[in-house]
Amino acid sequence: MAPTRRPSKSKYTADRGVPGAFEGETVTRRRFMTGTAHGAGALATMGFALPALAFAIGPIFNNDTLGWQTIGTPDMFPDDNYIPAVIVIAPGIGEAGNSTVYIRARNASIDTTPPTQFNRWIAISTRCAHLGCPVRWVPASERFICPCHGGVYDLQGVRVGGPPPRPLDRFFTRLHDGYVQVGARYSVNSELRAFSPRDPGEPLDGIGQYLYPSRPSVRI
Amino acid sequence: MPKLPAVPIPPRFLPQPPPPGTQRGRPRTPLEKGAEAGKSAVDWIDERTSLSGGVRWALFRKVPKGTNWFYTLGSATMIAFLNQAVTGVFLAMYYRPDAGGGAYESVRYITNDVFLGQFVRGMHKWGSSVMVILVFLHMGRTFFFGAYKYPRELNWVIGVVLLILTMTMSFTGYLLPFDQRSYWATIVGVNINGTGPLLGPYLSDFLRGGPEFSATTLSRFYSIHMLLVPGAIAAMIGAHLYLVAKLGTTAPPWLRAKPEPELVEEQL
Amino acid sequence: MNQREKEEYLREYSILKSQGKPFFPYAVAKDGLMGCLVIAIIIALSIVLGAELGPKANAATTTYTPRPEWYFFFLFELLRVIKPPNFVGLATIGVPTLAMILLFLLPFYDRGPERHPLRRPVATLTGIFVICAMAYLTYLGANAGPPTENDIPAPAAVLAQGKPAVSEFYLGRSVVAQSGCEACHLIGSNGNNGPGPELTKIGDRIPPQAIARTLVNPTEPMPSYGGSGGLPAKQFSAVVAFLSDLK
Chain V
206 MAPTRRPSKS KYTADRGVPG AFEGETVTRR RFMTGTAHGA GALATMGFAL
256 PALAFAIGPI FNNDTLGWQT IGTPDMFPDD NYIPAVIVIA PGIGEAGNST
306 VYIRARNASI DTTPPTQFNR WIAISTRCAH LGCPVRWVPA SERFICPCHG
356 GVYDLQGVRV GGPPPRPLDR FFTRLHDGYV QVGARYSVNS ELRAFSPRDP
406 GEPLDGIGQY LYPSRPSVRI
Chain F
159 MPKLPAVPIP PRFLPQPPPP GTQRGRPRTP LEKGAEAGKS AVDWIDERTS
209 LSGGVRWALF RKVPKGTNWF YTLGSATMIA FLNQAVTGVF LAMYYRPDAG
259 GGAYESVRYI TNDVFLGQFV RGMHKWGSSV MVILVFLHMG RTFFFGAYKY
309 PRELNWVIGV VLLILTMTMS FTGYLLPFDQ RSYWATIVGV NINGTGPLLG
359 PYLSDFLRGG PEFSATTLSR FYSIHMLLVP GAIAAMIGAH LYLVAKLGTT
409 APPWLRAKPE PELVEEQL
Chain Z
2 MNQREKEEYL REYSILKSQG KPFFPYAVAK DGLMGCLVIA IIIALSIVLG
52 AELGPKANAA TTTYTPRPEW YFFFLFELLR VIKPPNFVGL ATIGVPTLAM
102 ILLFLLPFYD RGPERHPLRR PVATLTGIFV ICAMAYLTYL GANAGPPTEN
152 DIPAPAAVLA QGKPAVSEFY LGRSVVAQSG CEACHLIGSN GNNGPGPELT
202 KIGDRIPPQA IARTLVNPTE PMPSYGGSGG LPAKQFSAVV AFLSDLK
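For the record, the sequence lines run as chains V, F and Z. Per the working numbering, the very first residue in the first sequence carries number 206; after that it's consecutive. Per the working numbering, the very first residue in the second sequence carries number 159; after that it's consecutive. Per the working numbering, the very first residue in the third sequence carries number 2; after that it's consecutive.
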């Protein structure tokens, strides 16, 4: 017995036996009106929701770099101890937009990263790489200590204890007209390889750099 | 001279019989007139809204036997929320969401200079703690009494949403005084959001309104704390209460029903 | 819960409900009294404890110790006790998200008809365990002192030795707090438990000479506090005295 195929439905409403169908009509009036009601409602909602949403998430794609900030002269910074300096990371809001960086001169016997014109001074961010609490440099034990969840870092800013998933962030530095200047922040993995700045708590080793992608707002 | 018959007066202009309970012939006292006016105002509204049925349905439903003080925790949470809403509105009359120093100054002004300022701010601050405790107690009661089971599953889900919204309120409200504690708690909180894989970094950019804590961050938190979440909480409380009235509050789980004796089938 | 159990419950509930009292005014009166109590507590807290305002936000600080509001202490402590860096995401996102999902779906995986807490031992014990765990974490979080301070009082044995011993104890304590020892050692309620051993009772275990030796020639990764680059002699002996007094 040959397989019986259901006859394909006609696209004309008249052929399908819809009551009151017009000749050549493919969409019933009821269906058309239902679609119009849904469509018009969705369109009107999108009309205000989409611009508002885009307006709110706009800053994610905005990249405002702050440029270089002068923090002192080269003779201020020894190569075996850190000197704090305050820089601006968010302009216009006073003290709440500042941040402290710890700076020392590059020391060839400790710093193994290849020397460039941007790391003649090592500038370490005071934001803990765990969740962003303010770390403090303690010269006696040569450790950066975080007061929140127990993060401890050595002279290089590499984790020696506690939960931080990567070393402390660093800043580019340069010599300009005889002054030391601090530039953009960058993050490093446990081998001190530089990455675009990440937020605290985001590991950069192994799969971490792909799980926590860099953001267009601070990509360098 | 024959008298002309009196003109017939339409019935509605005839003197009305006095309402039951009043003495015939005595003019109504002002108190009775006032009560009358109140009744007619309620009637006027009810004629146009038909609300009385709903009010009667919500108020005069029965609560099961054995309802005890544990069952007041939900309404206590709502009282705490109302306290937060009212004190919050009045705090907003003095508060300025300006990260450049205005926010801290305005809170300092509320605390030190405004009449009853520290008291109202204290009520808002401690009200949040009390509300969080009550939310957890209410949830604990629901959990241990098994009150989340059929047919009240949806109300449990709405309750968990309310718990999350309450925690969001306390997190966003935390930043507003803009002191050290506020600032660092926000930094840590936003970074906690940022540790979610793939989307986390963008979420924290969204919360901050940029890659670093900036002037926009405070405005964002203010808007979320003042407008977005309170509206959502009010709507969710409405849904929660509707379901409570519809499904009824549970009886304590140790209570067994004894059917009315006349309804028990005789054993033959 | 199958259909029969659902209907049984509804029948049982309708009987209990019909035997109850109207919501207004009986339940509302209780609710109202409870509301009065809640507001009275809030007013009392506001009057007694007030609303403190800390120092203005300063993002450049390196001395401030951030602490959350008390009802987030359990989360804060969770972040402290989960130490391995690879598990940071677990503490920040993993555990809270899992807890929220379990909470949301509770009525959908716990579908048994039983409601009495004593006849649902798993649910009741889990609930009690979660409450105890949160209370314990809150307690730990509330007592977590910053690793840059120390508030251990001088023990009676030191007080008995007179003023010089007491002042040396306190000098040693402040040097220990400022030298970053508590970054790796727990001393009393201050400091981090690890990577170094806890020092709260170190005087019981090691004699002063051994403490001094360890401070000069420590095992990696602890840095040396003695010799030419280390602490001055007075501070060094105060640290040794302080640590050996911890019993």
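We treat Cβ as the ideally placed atom computed from N, Cα and C, and that holds for glycine. Note that the structure is a prediction, hence the values are computed from the model and not measured.
Please tell me whether residue i and residue j are closer than 9 Å, where the distance is taken between their beta carbons.
i	j	result
residue 363 of chain F	residue 304 of chain V	no
residue 91 of chain Z	residue 102 of chain Z	no
residue 182 of chain Z	residue 196 of chain Z	no
residue 343 of chain F	residue 36 of chain Z	no
residue 251 of chain Z	residue 243 of chain Z	Absent from the structure is residue 251 of chain Z, since the part of chain Z shown begins at 2 and ends at 248.
residue 173 of chain Z	residue 246 of chain Z	yes
residue 1 of chain Z	residue 204 of chain Z	In the structure displayed, chain Z extends from 2 to 248; residue 1 of chain Z sits before or after that span and is not available.
residue 14 of chain Z	residue 359 of chain F	no
residue 224 of chain Z	residue 346 of chain V	yes
residue 116 of chain Z	residue 305 of chain F	yes
residue 359 of chain V	residue 222 of chain Z	yes
residue 437 of chain F	residue 398 of chain F	Beyond the ends of chain F as shown, which are 159 and 426, falls residue 437 of chain F; an answer cannot be given.
residue 271 of chain V	residue 296 of chain V	yes
residue 376 of chain V	residue 398 of chain V	no
residue 328 of chain F	residue 377 of chain F	no
residue 149 of chain Z	residue 64 of chain Z	yes
residue 178 of chain Z	residue 151 of chain Z	yes
residue 28 of chain Z	residue 225 of chain F	yes
Using the beta-carbon count (16 or more within 10 Å), is residue i buried or exposed?
i	result
residue 370 of chain F	buried
residue 285 of chain V	exposed
residue 184 of chain F	exposed
residue 162 of chain Z	exposed
residue 307 of chain V	buried
residue 255 of chain F	buried
residue 247 of chain F	exposed
residue 372 of chain V	buried
residue 300 of chain F	buried
residue 229 of chain F	buried
residue 342 of chain V	buried
residue 215 of chain F	exposed
residue 334 of chain V	buried
residue 53 of chain Z	exposed
residue 340 of chain F	buried
residue 317 of chain V	exposed
residue 243 of chain V	exposed
residue 274 of chain F	exposed
In three-state DSSP terms, what is residue i?
i	result
residue 307 of chain F	coil
residue 22 of chain Z	strand
residue 232 of chain V	coil
residue 186 of chain Z	coil
residue 220 of chain F	strand
residue 145 of chain Z	coil
residue 214 of chain Z	helix
residue 307 of chain V	strand
residue 270 of chain F	helix
residue 161 of chain Z	helix
residue 191 of chain Z	strand
residue 209 of chain Z	helix
residue 293 of chain V	strand
residue 227 of chain F	helix
For residue i, return the contacting residues in chain F, with the cut-off set at a CB-CB distance below 9 Å.
i	result
residue 99 of chain Z	Those within 9 Å of residue 99 of chain Z in chain F number zero; the least Cβ separation is about 13 Å.
Going along chain F, which residues have a C-beta under 8 Å from residue i?
i	result
residue 436 of chain V	The question about residue 436 of chain V has no answer here: the residues shown for chain V are numbered 206 through 425.
In chain V, what lies closer than 8 Å to residue i by C-beta?
i	result
residue 331 of chain F	Correct list: empty, because the minimum Cβ distance to chain V is about 17 Å.
residue 180 of chain Z	343, 345, 346
residue 18 of chain Z	The premise fails here: residue 18 of chain Z is roughly 40 Å from chain V at the closest Cβ pair, so nothing lies under 8 Å.
Give me the chain V residues within the contact set of residue i, using Cβ-Cβ distance strictly less than 7 Å, ordered along the chain.
i	result
residue 360 of chain F	265, 420
Since residue i meets chain Z, which of its residues come closer than 7 Å, beta carbon to beta carbon?
i	result
residue 350 of chain F	93
residue 339 of chain V	62, 63, 65
Can you name the residues of chain F whose CB is closer than 7 Å to the CB of residue i?
i	result
residue 396 of chain V	The contacting residues do not exist; residue 396 of chain V stays about 22 Å from chain F at best.
In chain Z, what lies closer than 8 Å to residue i by C-beta?
i	result
residue 280 of chain F	46, 47, 48, 50, 51, 52
Every unbroken beta strand (DSSP E) inside the region 11-91 of chain Z [3 residues or more]
Runs found: none.
Ranges of the beta strand (DSSP E) found wholly within the region 328-406 of chain V, counting only runs of at least 3:
341-343, 348-350, 364-366, 375-381, 384-393, all fully within the region 328-406 of chain V.
Complete alpha helix (DSSP H) runs within the region 169-216 of chain F (minimum length 4 residues, chain order)
With a minimum length of 4 residues, the continuous alpha helix (DSSP H) runs that stay inside the region 169-216 of chain F are 188-207.
Where are the alpha helix (DSSP H) runs, 4 residues long or more, that stay fully inside the region 303-385 of chain F, in chain order?
Those alpha helix (DSSP H) runs which fall completely within the region 303-385 of chain F and span 4+ residues are 311-333, 338-352, 358-366, 373-381.
At which residue ranges does the region 258-286 of chain V contain complete alpha helix (DSSP H) runs of 4 or more residues, listed in the order of the chain?
Qualifying alpha helix (DSSP H) stretches: none in this window.
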